[in-house]
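Colleague: Pasting a structure here, questions to come.
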Amino acid sequence: MILVKVGGAVGIDYDRVLQDVARYQDVVMVHGGSAELNNISTLLGKPPRMLTSASGHVSRRTDPETLAIFNMVYCGKMNKMIVEKLQQLGVNAVGLSGIDGRLLVGKRKHPRVVENGKKKVLRDDYTGRVDRVNVDLITLLLDNGFLPVITPPALSYDNEAINVDGDRAAASIASALDAEALVILSNIPGLLRDVDDEASLIEHIDADRAEEYMPFAQGRMKKKLLGAIEALDQGVGTVIFGDARVDEPVTRALQGRGTVIQ
Ligand code: ADP
Numbered sequence: 047m048i049l050v051k052v053g054g055a056v057g058i059d060y061d062r063v064l065q066d067v068a069r070y071q072d073v074v075m076v077h078g079g080s081a082e083l084n085n086i087s088t089l090l091g092k093p094p095r096m097l098t099s100a101s102g103h104v105s106r107r108t109d110p111e112t113l114a115i116f117n118m119v120y121c122g123k124m125n126k127m128i129v130e131k132l133q134q135l136g137v138n139a140v141g142l143s144g145i146d147g148r149l150l151v152g153k154r155k156h157p158r159v160v161e162n163g164k165k166k167v168l169r170d171d172y173t174g175r176v177d178r179v180n181v182d183l184i185t186l187l188l189d190n191g192f193l194p195v196i197t198p199p200a201l202s203y204d205n206e207a208i209n210v211d212g213d214r215a216a217a218s219i220a221s222a223l224d225a226e227a228l229v230i231l232s233n234i235p236g237l238l239r240d241v242d243d244e245a246s247l248i249e250h251i252d253a254d255r256a257e258e259y260m261p262f263a264q265g266r267m268k269k270k271l272l273g274a275i276e277a278l279d280q281g282v283g284t285v286i287f288g289d290a291r292v293d294e295p296v297t298r299a300l301q302g303r304g305t306v307i308q
């Protein structure tokens, strides 16, 4: 079993990714859609706003209007684009968000921000993290020959849709499924020592030393490394950060091209 997470960053070649995914059996896909969400929400007059936590993690401010646009882009445009392309490749893909069949359930958080020098809790923010994965539903699909294509949002314990990080959701799913490998594809060759120099690829990281590499990861790359550490802690054999812009991106990643964390 392998889990392929394809991001939503600019430059990702979905055709190449999906042509390669179609060659494998026992695959589950998770996808993102951040760049497209930024485009569409800007077109709709609601440009993205980001929150930075005290620990330096960046997340999207997800008020109810943003959540509605999030659903349109992730569950609609991106998810159906991927399912359609897989169908054209002869793969019987089924697209699901985390709220369908309680696939991804987790805790909603209430982010704290500082505004005009005052601490404030954002009560209308719909974000959180995944705690539980409905493995029975995924297994039901796999056992009947379907390829699940999974996207945020997840469902909170109060049955609200919540925006969750795609990389960490993928890590939870990979762990719950006891996947051999979690392949995380984006618009970069892997984890770079210098984000502006693609030749500075870190090729191998020992799982028990992965935390030491956190200072290299900036912005949203931090979530990928966090997700990788969580997946390895929970029994996934290998996590690979690979390039989604090249031919056969999944196969190349599984051959060790990218950043292999083991
Ligand atoms: P996706 O939506 O595909 O998951 P993200 O935009 O969340 O992708 O994360 C990928 C981005 O992380 C890269 O485009 C890059 O700009 C940024 N990044 C930050 N630090 C690093 C790093 N050390 N190595 C590689 N990419 C990094």
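Quick note: the sequence shown uses the working numbering, first residue 47, plus one each step. Idealized CB from N, CA, C, for every residue including glycine.
(1) Is R266 near the ligand ADP, in the sense that its beta carbon is under 7 Å from a heavy atom of that ligand?
(2) Ignoring anything shorter than 3 residues, give me the beta strand (DSSP E) runs that lie fully in the segment 258-289, in order along the chain.
(3) Could you check which residue in T297, V306, R303 has the C-alpha nearest to that of V63?
(4) Using the C-alpha atoms, what's the distance from I115 back to V229?
(5) I'd like the span of the beta strand (DSSP E) that includes K123, first residue to last.
(6) Determine, using beta carbons only, whether L132 and L142 come nearer to each other than 8 Å.
(7) I want to know whether the segment 197-208 touches the segment 258-267 - three or more CB-CB distances under 8 Å.
(8) Is any heavy atom in the ligand ADP found nearer than 7 Å to the beta carbon of F327?
(9) Please list, in chain order, all residues of the same chain as I219 whose beta carbon is under 7 Å from its beta carbon, the five residues on each side excluded.
(10) For K153, which option in V210, P235, L300, A81 has the closest C-alpha, if you only look at C-alpha atoms?
(11) According to DSSP, P194 sits in a beta bridge with which residue or residues?
(12) Considering only the beta carbon of each residue, do N138 and L193 sit closer than 8 Å?
(13) Given a threshold of 16 other Cβ atoms within 10 Å of its Cβ, counted over all protein chains shown, does L89 qualify as buried or as exposed?
(14) What first and last residue would you give for the beta strand (DSSP E) that runs through D177?
Modeller: Let me spell this out:
(1) R266 Cβ: within cutoff of the ligand ADP.
(2) Inside the segment 258-289, DSSP marks whole beta strand (DSSP E) runs of 3 or more residues at positions 284-289, from first to last along the chain.
(3) When only C-alpha atoms are compared, the closest one is T297.
(4) Taking the straight line joining both Cα atoms gives about 27 Å.
(5) From DSSP, K123 is part of no beta strand (DSSP E); its letter is neither H nor E.
(6) Taking 8 Å as the Cβ cut-off, L132 and L142 do not qualify as a contacting pair.
(7) Cβ pair count under 8 Å is below three, so no.
(8) This structure cannot speak to residue 327, because the chain is shown only from 47 to 308.
(9) In chain order, L49, V74, V76, V179, I196 place their CB closer than 7 Å to the CB of I219, counting only its own chain and leaving out the 5 sequence neighbours on each side.
(10) Comparing alpha carbon positions, the residue from V210, P235, L300, A81 closest to K153 is V210.
(11) Under DSSP, P194 takes part in a beta bridge, and its partners are V140.
(12) Note that the C-beta distance between N138 and L193 is below 8 Å.
(13) Residue burial annotation: L89 is exposed, with fewer than 16 other C-beta atoms found within 10 angstroms of its C-beta.
(14) Segment 173-179, the beta strand (DSSP E) holding D177.
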